[in-house]
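Residues in the sequence shown are numbered from 504 upward in steps of one, following my numbering.
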Amino acid sequence: MTDHETNATNGKHLAPGDKKQGIKLVAPARADERAGEIKFVEMPREKQPRLDVLVLNPPSPDGDLFLRDIARVGRRTRDGIIWPQTALAQIGAVVKEAGYSVDVVDAIGLGMTWEEFERYMYRHKPRYMIIHATAPTLTNDMRTTFLGKSVGTITMAIGTHVTPMSRETLESYPTLDIVVRGEPEMTILDVIQTIDRQVELEKATDTVPVGNPDLTAPWRKLPFPDASYLTTRGRFLGVYPQVIARALRETRGVAFRNEHGEVQINPDRPFIENLDSLPLPLHHMLPWKKYKVPIVGGPYTFVLTSRGCPAGCRYCIKHVTYQASVRHRSPQHVLEEMYMLKEMGMHHIHFEADLFTVKKEFVYDLCNAIIKDGIKLQWSCNSRVDFVDEEELALMKKAGCFMIAWGLESGSEAVLKRARKGTTVKRIEETIHASRKVGIKNWGYFIIGLPGETVETIQQTIALSKRLPLDIALFHIATPYPGTPFYYEAVENGWIQMDRWEDYDMYNHTVLNYPHLSSKDLEYWAKRAAREWSLRPGPIMTFLKAASNRETLGHLWKIGTNHIRWMSGSLTGSGA
504 MTDHETNATN GKHLAPGDKK QGIKLVAPAR ADERAGEIKF VEMPREKQPR LDVLVLNPPS
564 PDGDLFLRDI ARVGRRTRDG IIWPQTALAQ IGAVVKEAGY SVDVVDAIGL GMTWEEFERY
624 MYRHKPRYMI IHATAPTLTN DMRTTFLGKS VGTITMAIGT HVTPMSRETL ESYPTLDIVV
684 RGEPEMTILD VIQTIDRQVE LEKATDTVPV GNPDLTAPWR KLPFPDASYL TTRGRFLGVY
744 PQVIARALRE TRGVAFRNEH GEVQINPDRP FIENLDSLPL PLHHMLPWKK YKVPIVGGPY
804 TFVLTSRGCP AGCRYCIKHV TYQASVRHRS PQHVLEEMYM LKEMGMHHIH FEADLFTVKK
864 EFVYDLCNAI IKDGIKLQWS CNSRVDFVDE EELALMKKAG CFMIAWGLES GSEAVLKRAR
924 KGTTVKRIEE TIHASRKVGI KNWGYFIIGL PGETVETIQQ TIALSKRLPL DIALFHIATP
984 YPGTPFYYEA VENGWIQMDR WEDYDMYNHT VLNYPHLSSK DLEYWAKRAA REWSLRPGPI
1044 MTFLKAASNR ETLGHLWKIG TNHIRWMSGS LTGSGA
């Protein structure tokens, strides 16, 4: 029996968040009675302080692990990674520093169910909510905005999907109020302060009727199972859409609905020039002990070092986010965050950047500062093979670098050139061997299905992966994400085959469908590549060695079984 049913049995009917008091309820409508003829009464609500700002990584669509980040693409994960939500903690720090009450909720890391999140929303009733939204989880993510509107929340979405698809997202999901495009921190703060000023100016602190026909008509089109909420007309403290529209007329970096209900996309906001001006992220608000990565014992998290990358890879999401201009934090500012994490009990961190080794001077200064200060933290990073040399790798190892994630992509010179990767197969081999020589573990990422791919070039990629001294290798299926040059090329050539944005999942399937390589062919070859690389003595021994660590045993066992189930699909199929 539900709480509502229990209270009704006791003669006291409670809506979520109500005090225990008698409430007059509306009699059920007759079958032939139109909604407009039903007389509703206001439902008294408990008056308690509302949370100002909720920064949210939404719950999973199905309980599985999904990765989301404001500067990366979203995807389901087979490798058991729980992605640290440092970017959300950074937004929370900016908002908190401005004097607002804030909560940072990583529902994926917490394992929060939709029922638990619903209870959270009715308990805290945040005035503003900022969510990560990604293509593979889009409808699921927008469900948070539906619940948000039921408690009078102003809803905002950030991420690499809604930035290039702002108009399409707002038109498809009426419960989303605002898209924050690009670099989010200062735009979000500007939005909150601007709307608050407009509300005060207009004395617009009236209650907003939830269930108002003008607001709910579009909601009935949403494919949510919670549509029963729309039949209840309560009232919550909130802000009318017209007030939001008037407030944001001149606000840079946002898309929203104007006073006529039409989507308006404002000019972009300039990038933050000095990253040291940002306060340290609110790591303590995150479930940081839950953040795990393969072959690492104990928790880890992200520490931002820079934003932007000058490389021209046509498939890269950096075309949507921080683009080609590079901005660094100072080594001392990075060290300050490292010491904070060390005091919390963190022993492993990943230096997050579009390209960590983009500036040699910064890498040397940071590594020397770490060595001089003597802070004992193991760290990993990403790199390109053409932006590092053996001397630099040796210094990184001395400063605590234990693993580098490399974007290797392909073993075909022709595919690399067409993707504008800017490197060669020979350079890939030289750099990965140099990294192994100085004692750094290598994590290689490959992409199956970039333009120009053939069965022969895929076989060249598989062969290269087996020649390289890699500790981990992952084979993604190429995905033309909106806003990238690859996307526009795929649209122009008719290569995209999709029914919904959830099809944009590089791990399970692909939206690509070339004339000479079907989507099934690409899926087959991605699984076959993973099987050929992993089912060899070297990778198996690496896995068993890591599994001997009690801290990683259960995690790695789950990863292994997930990969075996996924790769088993490659035992049948076309393209062999």
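Glycine included, every Cβ here is placed at the ideal spot set by N, Cα and C.
Nearest to residue i (by Cα), restricted to the options the options
| i | options | result |
| --- | --- | --- |
| Lys-944 | Gly-811, Ile-935, Asp-609 | Ile-935 |
| Leu-778 | Tyr-990, Glu-959, Pro-834, Thr-580 | Pro-834 |
| Asp-644 | Lys-652, Val-654, Ala-660 | Ala-660 |
| Arg-760 | Gly-811, Glu-671, Val-806 | Glu-671 |
| Ser-828 | His-822, Pro-813, Val-837 | Pro-813 |
| Tyr-842 | His-831, His-786, Phe-890 | His-786 |
| Leu-613 | Thr-648, Thr-580, Leu-568 | Leu-568 |
| Trp-998 | Tyr-1017, His-763, Glu-600 | Tyr-1017 |
| Thr-656 | Ile-698, Arg-684, Ser-675, Ala-937 | Ile-698 |
| Gly-942 | Thr-926, Val-918, Phe-905 | Phe-905 |
| Lys-929 | Val-958, Ala-922, Gly-914 | Gly-914 |
| Ala-592 | Asn-996, Leu-789, Ile-951, Ile-965 | Leu-789 |
| Gly-651 | His-664, Pro-667, Ile-681 | Ile-681 |
| Val-861 | Gly-811, Gly-685, Glu-776, Ala-610 | Gly-811 |
| Gly-566 | Arg-553, Thr-580, Val-766, Glu-839 | Thr-580 |
| Val-665 | Gly-947, Tyr-984, Lys-969 | Tyr-984 |
| Pro-687 | Lys-706, Gly-662, Val-702 | Gly-662 |
| Asn-769 | Arg-830, Asp-609, Arg-755 | Arg-755 |
| Leu-844 | Cys-819, Ile-820, Val-806, Lys-821 | Val-806 |
| Ile-878 | Glu-855, His-850, Phe-859 | His-850 |
Residues bridged to residue i (per DSSP)
| i | result |
| --- | --- |
| Phe-854 | Val-806 |
| Met-632 | Leu-557, Thr-658 |
| Ala-758 | Val-682, Ile-768 |
| Val-829 | In the DSSP output, where bridge partners are listed per residue, Val-829 has none listed. |
| Gln-881 | His-851 |
| Met-906 | Ser-883, Lys-944 |
| Val-608 | Leu-559 |
| Leu-1015 | Ile-999 |
Residue i - DSSP class collapsed to helix/strand/coil
| i | result |
| --- | --- |
| Glu-912 | strand |
| Tyr-948 | strand |
| Gln-978 | Note that residue 978 corresponds to Phe in the displayed sequence, not to Gln. Reduced to three states, the DSSP call for Phe-978 is strand. |
| Val-928 | helix |
| Glu-540 | Because the pLDDT at Glu-540 is just 45, under 50, the model does not fix this residue reliably, and the point stays unresolved. |
| Trp-617 | helix |
| Phe-890 | coil |
| Cys-870 | helix |
| Asp-1002 | coil |
| Val-796 | coil |
| Asp-699 | helix |
| Phe-774 | coil |
| Arg-579 | strand |
| Leu-570 | strand |
| Thr-987 | coil |
| Trp-586 | coil |
| Arg-548 | For Arg-548, the predicted model reports a pLDDT of 49, less than 50, meaning its position is unreliable; a value from the coordinates is still stated below. Three-state DSSP puts Arg-548 in coil, outside helix and strand. |
| Gly-1041 | helix |
| Tyr-676 | coil |
| Glu-600 | helix |
| His-763 | coil |
| Val-823 | coil |
| Asp-779 | helix |
| Asp-1008 | coil |
| Glu-1035 | helix |
| Thr-666 | coil |
| Thr-957 | coil |
| Tyr-1027 | helix |
| Arg-626 | helix |
| Glu-846 | helix |
Chain C contact for residue i (CB, 8 Å cutoff)
| i | result |
| --- | --- |
| Ser-886 | Absent from the structure is chain C; it holds one protein chain and no more. |
Check your understanding: Hey, is the stretch 787–805 in contact with the stretch 573–592, meaning 3+ C-beta pairs nearer than 8 Å?
Key -> Inter-segment contact for the stretch 787–805 and the stretch 573–592 is present: three or more beta-carbon pairs are separated by less than 8 Å.
Check your understanding: Are the stretch 553–563 and the stretch 619–635 touching by the rule of at least three beta carbon pairs closer than 8 Å?
Key -> Yes: the two stretches touch, three or more of their Cβ pairs being nearer than 8 Å.
Exercise for review: Check whether the stretch 606–623 touches the stretch 799–807, counting contact only when three or more Cβ pairs, one atom from each stretch, lie closer than 8 Å.
Suggested key: The answer is no - the stretch 799–807 does not touch the stretch 606–623, with fewer than three Cβ pairs under 8 Å.
Exercise for review: State whether the stretch 902–916 contacts the stretch 873–886, with contact taken as three or more CB pairs (one from each stretch) at a distance under 8 Å.
Suggested key: Yes: at least three Cβ pairs fall under 8 Å.
Review point. Do the stretch 597–604 and the stretch 677–694 make contact, defined as three or more Cβ pairs closer than 8 Å?
Key: With the cut-off at 8 Å, the stretch 597–604 and the stretch 677–694 touch.
Review point. Any chance the stretch 622–629 sits against the stretch 972–992, with 3 or more Cβ pairs inside 8 Å?
Key: Because the criterion of three Cβ pairs below 8 Å is not met, the stretch 622–629 and the stretch 972–992 do not touch.
Review point. With contact counted as at least three CB pairs below 8 Å, one residue from each stretch, are the stretch 956–966 and the stretch 1026–1037 in contact?
Key: Yes, the stretch 956–966 touches the stretch 1026–1037.
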